[in-house]
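Numbering (our numbering), first residue to last: 7 to 183.
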């Protein structure tokens, strides 16, 4: 019991440092947007569920990222503030991050969904990307990121992201190199 409490506190502190903007990459500090909610609300609320996925989306491109749509096959948003149509509104500015979370909402269920975003790069058709997750009640978690224009954009996911019953999945969208 003490070990699980320690593990939870370690993850909460470690991942909250990403959410608060202490993430340093190529000498650029990424700041979490000022919102009306506690930046850790999505992670903490999601961790109270039997199964959850919290996505930390980091924008490292030269354009804003705008929410386009979502499909929740299983589960529900952890709260209205953790719904990406609310939290990433009207857009996610350059060098900032935002968090959204989905939780299981029934007996012996998990959460599965996909959120699609557009990149405000003025391309025709617009560049888009989607983040998919599946955290089932039983079995392994699955994740994928699909980008429409891989010549211009890429993504990074830190090792070990997205594991466990209450998974935190960090996705950084960046320019292709």
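Yeah, the Cβ is synthetic: ideal placement off N, Cα and C, and Gly gets one too. Just so you know, these numbers come straight off a predicted model, no measurement behind them.
Nearest neighbour of residue i, chosen from the options [CA to CA]
i: residue 2; options: 128, 118, 159; result: The requested residue 2 is not part of the displayed model; the chain covers only 7 to 183.
i: residue 99; options: 64, 112, 58; result: 64
i: residue 164; options: 54, 171, 149; result: 149
i: residue 51; options: 111, 158, 73, 142; result: 111
i: residue 123; options: 85, 90, 58, 54; result: 90
Residue j beta carbon less than 8 Å from that of residue i
i: residue 49; j: residue 105; result: yes
i: residue 125; j: residue 132; result: yes
i: residue 121; j: residue 76; result: yes
i: residue 115; j: residue 80; result: yes
i: residue 169; j: residue 60; result: no
i: residue 62; j: residue 97; result: no
i: residue 58; j: residue 172; result: yes
Own chain partners of residue i with C-beta closer than 8 Å, once the 5 adjacent residues on each side are dropped
i: residue 161; result: 135, 151, 153, 177, 178, 179, 180
i: residue 78; result: 108, 117, 118, 119
i: residue 159; result: 67, 125, 133, 135, 153, 179, 180, 181, 182
6 Å CB neighbourhood of residue i in its chain, flanking five on each side removed
i: residue 69; result: 125, 126, 127
Buried or exposed (CB count within 10 angstroms, at least 16 for buried), residue i
i: residue 166; result: exposed
i: residue 113; result: exposed
i: residue 182; result: exposed
i: residue 95; result: exposed
i: residue 144; result: exposed
Residue i to residue j span [Cα, whole Å]
i: residue 101; j: residue 67; result: 7 Å
i: residue 141; j: residue 73; result: 22 Å
i: residue 54; j: residue 129; result: 41 Å
Closer than 8 Å to chain D by CB, residue i
i: residue 132; result: Any reference to chain D falls outside this structure, which holds one protein chain only.
Cβ-based neighbour list, residue i, same chain, cut-off 7 Å, excluding 5 preceding and 5 following
i: residue 138; result: 120, 149, 150
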